[in-house]
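To start, the structure under review is shown below, and the notes come after it.
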Amino acid sequence: MNMNIIKPKKEKLASFVAIGGFFTLIGLLDVLTNTFLDWNFTGFLPGNLSFFAPLILGVLGLYLIRIEFSGNKLLDQINTNFNSSNLNAILTLLVIFALIKFIPPVLNWFIFDADFLGNSKDDCTSGGGLLGFCKSMV
Amino acid sequence: MNFKNFKLDLSNKNKDLIPQVLTVLFIILIVIYFTINAQNNMGNRGISFGFGFLSQEASFDITFSLIDYDGSHSYARAFLVGLLNTILVSVIGIFFATILGVTVGISRLSQNYLVAKVAEWYVEIFRNIPLILQIFFWYFAALRALPLTVDSINFYDISFLNVKGWYVPKFIWTNFSLFIASVLTSIILIIFVSRYAKKQRDEFGKQLPTLYISIAIFFGLPMLSFLIGGVSLSFQIPELNQLSKTVYVYKGGVSIIPELISLALALSMYTATFIAENVRAGILGVSKGQKEAAASIGLTKGQILKLVVMPQALRIIIPPTTNQYLNLTKNSSLAAAIAYPDIVLVFAGTALMQTGRAIEIISITMFTYLSLSLSISVFMNWYNKKMAIKEK
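Respectively, the protein sequence lines represent chains X and U. According to the numbering used here, the first sequence is numbered sequentially starting from 1. According to the numbering used here, the second sequence is numbered sequentially starting from 139.
So this is what it looks like as C-alpha cells:
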C-alpha cells in the first residue's frame with residue numbers, strides 16, 4: 001500500500017491546505033451549531049462516532065495541513081504554535097471546543113443575564129446571577 | 139559540707155547555658171500565671187474545668203457522617219465525625235489538587251500556545267480570587283443551578299446528580315478484610331520484587347520486567363481472593379422513590395452532599411494553581427544542559443522526563459507543595475461558611491454553643507489541627523529526604 005497518498009507534501013500545498021482546512025472547519029462548525037443552534041449535523045452517524053466526529057475531523061484536517069517549511073508564513077506559525085504533533089492538535093481542538101462550550105454560559109450568568117439590583121431571592125428573575133443579593137447572603 | 143573546692147565554673151559552655159535556663163524559667167512562670175489566673179476567674183464564675191462532658195449525650199444531628207451517628211451519641215463521637223469529615227475533604231482536595239496542579243503546571247510550559255495561555259489564565263484567575271468567594275460561587279451559584287430530584291442528570295443509569303447532591307452506587311462487600319489483606323500483601327510483595335530487581339541490576343546487570351511483574355501481582359492476588367477466598371462485591375444502585383405527589387427522593391446508594399462537592403472543588407481548584415506554579419518552577423529549575431546531555435546519550439523523551447528531569451525537579455517541587463497541602467488542610471475550616479459539618483462547625487461550633495466549654499473545646503480543636511498538619515509535614519519531610527540528592 002502506498003502511504004504517500006495521505007502524507008502531506010509541500011508540492012501539493014494548495015490542495016492539502018484546502019482539504020485539511022475544510023475538515024477542520026467542519027469540525028469547528030459542528031461544535032458551534034451544536035452549542036448555539038442546537039443542530040447536530042453529524043447526527044446521522046451512529047452513537048459515539050457522532051459525539052467524537054468534530055474531534056476526528058479536526059485531527060484529520062490538522063494532520064493534512066501539517067507541512068513543515070511550507071513557505072507560507074501564517075501556515076508555518078499555526079503549525080509551530082498549535083499543531084506541532086498529533087497530541088498538540090488534539091489538545092488545541094479540545095481547548096477550542098471547551099472554550100466554545102463553557103465561555104458563553106459563564107458570561108451569560110455573570111454579565112448578560114445577571115440582575116445587578118435587588119436584595120432578596122425574589123428579585124432574581126432572569127436565571128442569571130444576582131449580584132446585589134450577595135450583600136444579604138453573607 | 140565543704141565549699142573549699144567549689145568554684146563557679148564560667149567556661150563558655152556554662153555561659154551559654156545560663157540565659158537559656160533563665161528563659162525557660164520565665165516561660166514556665168508565665169504559663170503558671172495564666173493558668174492560675176484562668177482557674178481563679180473560672181472559679182469565681184462557677185465554671186468547672188474538665189473533659190468529662192465528652193462522654194455526655196450530644197443530642198444534635200449531623201447532616202453528613204462517615205460513621206454511625208445520631209443525637210444519642212456522645213460529644214466524643216461528634217468530634218470523631220467532624221474530624222473524619224475534615225480528613226475526608228482534605229484527602230479529596232489534596233488528591234485532585236495534585237493531579238490538576240501537575241497537569242496545569244506542565245501545560246503552562248507547553249509549546250502549544252493555546253494550551254499554555256489557557257493554563258496561565260486558569261492560574262491567574264483562580265489564585266487571585268479569595269477562597270471563601272470561590273466556595274460561595276460553587277455552593278450558591280454553580281450547584282444551585284442543578285436540576286431538581288425528579289429530572290436529575292443521569293450518568294448511565296447508575297449515578298444521579300441533582301440539587302440535593304450526587305447519588306452514587308454503594309459498594310457492598312463480603313469478606314472485605316480478606317480483600318484488604320490481599321491488596322496489602324500484594325503491595326509488600328511488589329516492594330520486595332522491586333528491591334530484588336534492583337539488586338539483580340546492580341550486581342549482575344540483569345533487567346527484570348518489574349512493571350509487568352508488579353501489575354500481575356497487584357491484580358492477581360486480589361483476583362485470587364475473589365476466586366478462592368469468597369470475596370464478592372455487589373452494587374446498590376440509588377433508586378428514585380415518590381413519597382407524595384411532588385416529593386421525590388433517591389433511596390439506596392451513597393449520597394454525596396453538595397457542601398462536600400463544592401468545598402472539595404473550591405479547595406482543589408484554588409490550591410492547584412499554587413501547586414501548578416511550584417511544578418513549573420521545579421521543571422524550569424532543571425537546567426537545559428541536563429536535558430540536552432540526556433538526549434545526546436540517546437534517552438527517549440519519556441526516559442528524559444522520568445530519569446533526569448523529574449528526580450531533580452521533585453527536589454524543588456516538594457517543600458513548597460508541602461506548604462500548599464498544609465494550607466489546604468487548614469483552609470478546609472472555611473467549611474463552616476457553607477455548613478459542611480467539619481470539625482470546626484460540629485465541635486468548635488455546635489458543641490461549644492451547647493456546652494459552653496470554650497477553653498477545652500478550642501484547645502482540643504487546635505491540637506487536632508496541629509497534629510493533622512504535623513503528620514502531613516512529617517510524611518512530606520520523609521518523602522523529601524527520600525528524594526534528596528545523595529552526596530558521598
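All C-beta atoms in this analysis are idealised placements derived from N, C-alpha and C, irrespective of residue type, glycine included.
Spatial neighbours of residue i within its chain, please: CB distance less than 6 Å, with the 5 preceding and 5 following residues excluded, ordered by chain position.
i	result
U/Leu281	Pro396 and Ser400
X/Ile67	Pro8 and Lys10
U/Ile244	none
U/Glu217	A small correction: the amino acid at residue 217 of chain U is Phe; Glu does not occupy that position in the sequence shown. Closer than 6 Å at Cβ, skipping near neighbours: Phe485.
U/Leu452	Met525
X/Thr92	Phe82
X/Met1	Since pLDDT at X/Met1 reaches only 41, below the 50 mark, its modelled position is unreliable, and no value is offered.
U/Gln462	Thr409, Phe412 and Ile413
Which stretch, first to last residue, makes up the beta strand (DSSP E) that contains residue i?
i	result
U/Lys308	Lys308 to Thr312
U/Ser372	Ser370 to Gln374
Give me whichever residues DSSP pairs with residue i in a beta bridge.
i	result
U/Pro195	Checking the sequence shown, residue 195 of chain U turns out to be Glu, not Pro. Per DSSP, U/Ser212.
U/Phe293	U/Ser297
U/Asn379	U/Val387
U/Tyr207	Partner(s): none; U/Tyr207 has no beta bridge.
U/Gly303	U/Asn300
Under the assumption that residue i contacts residue j (Cβ atoms under 8 Å), give the Cβ distance between them as a whole number of angstroms.
i	j	result
U/Ser324	U/Ile355	5 Å
X/Ile100	X/Val31	5 Å
U/Ala335	U/Leu346	4 Å
X/Gly27	X/Gly71	Going by Cβ atoms, the distance from X/Gly27 to X/Gly71 rounds to 26 Å, so no, they are not a contact pair.
U/Leu222	U/Ala410	U/Leu222 to U/Ala410, Cβ: 24 Å. No contact.
U/Ala414	U/Phe234	About 13 Å separates the two Cβ atoms, so there is no contact after all.
U/Val227	U/Ser382	U/Val227 to U/Ser382, Cβ: 34 Å. No contact.
U/Ser363	U/Ser320	4 Å
U/Pro458	U/Asn416	5 Å
U/Pro285	U/Asn300	6 Å
U/Ser511	U/Lys468	7 Å
U/Val387	U/Thr287	7 Å
X/Leu49	X/Phe23	Between X/Phe23 and X/Leu49 the Cβ distance is about 15 Å, and since that is not below 8 Å, they are no contact.
U/Leu508	U/Gly231	Actually they are not in contact, since the Cβ atoms of U/Leu508 and U/Gly231 sit about 19 Å apart, beyond 8 Å.
U/Thr503	U/Ile481	6 Å
Terminal residues of the continuous alpha helix (DSSP H) containing residue i?
i	result
U/Gln492	Leu490 to Thr493
U/Asn469	Met448 to Asn469
U/Pro268	Run containing U/Pro268: none; DSSP gives neither H nor E here.
U/Thr503	Ala496 to Met525
U/Gln249	U/Gln249 -> no alpha helix (DSSP H), and no H or E assigned at all.
X/Phe23	Leu13 to Leu32
U/Gly427	Lys426 to Ser434
U/Thr348	Thr348 to Leu365
Excluding five sequence neighbours on each side, which residues of the same chain lie with their C-beta closer than 8 Å to the C-beta of residue i?
i	result
U/Ala475	Ile270, Ile273 and Phe274
X/Phe97	Val31, Pro54 and Leu55
U/Val256	Ser245
U/Pro307	Ile296, Ser297, Phe373, Gln374, Ile375, Pro376, Gly391 and Val392
U/Trp311	Phe317, Val369, Ser370 and Leu371
U/Thr460	Ile514, Ser515, Met518, Asn519 and Asn522
U/Ile291	Leu284, Pro285, Phe298, Leu299 and Asn300
U/Arg202	Position check: residue 202 of chain U holds Phe in this sequence, whereas Arg was assumed. Within the same chain, U/Phe202 has close Cβ partners Asn223, Ile395, Glu397, Leu398, Tyr478 and Pro479.
U/His211	Glu195 and Ala196
X/Asn40	Asp30, Thr33, Asn34 and Ser50
U/Lys429	Ile442, Val446 and Val447
Would you verify that the beta carbon of residue i is, or is not, closer than 8 Å to some beta carbon of chain B?
i	result
U/Gln249	The structure shown has no chain B; the protein chains it does contain are X and U.
Could you pull out every residue in the same chain whose Cβ sits closer than 7 Å to the Cβ of residue i, ignoring the five residues on either side in sequence?
i	result
X/Val138	Here the model assigns X/Val138 a pLDDT of 38, short of 50, so the residue's position is not dependable and the matter cannot be decided.
X/Cys134	In this predicted model, X/Cys134 has a pLDDT of only 47, less than 50, meaning its place in the structure is not dependable; the value taken from the coordinates is given anyway. There are no such residues.
U/Ala433	Ile442
U/Val242	Ala257, Tyr260, Val261, Ala410 and Ala414
U/Ile351	Val331
X/Phe102	none
U/Ala419	Ile454
U/Thr488	Phe198
U/Thr309	Going by the sequence as given, residue 309 of chain U is Phe instead of Thr. Result list for U/Phe309: Leu371 and Phe373, in chain order.
Does the Cβ of residue i lie closer than 7 Å to at least one heavy atom of the ligand FAD?
i	result
U/Ser515	This structure does not include the ligand FAD; it has no bound ligands of any sort.
In chain order, what are the residue ranges of uninterrupted beta strand (DSSP E) at least 3 long that sit wholly in the segment 45 to 90 of chain X?
none
Which ranges would you report for the beta strand (DSSP E) in the segment 385 to 417 of chain U if only whole runs of at least 3 residues count?
386 to 389 and 392 to 394
Mind pulling the alpha helix (DSSP H) runs of 4 or more residues that sit fully within the segment 148 to 196 of chain U?
150 to 182
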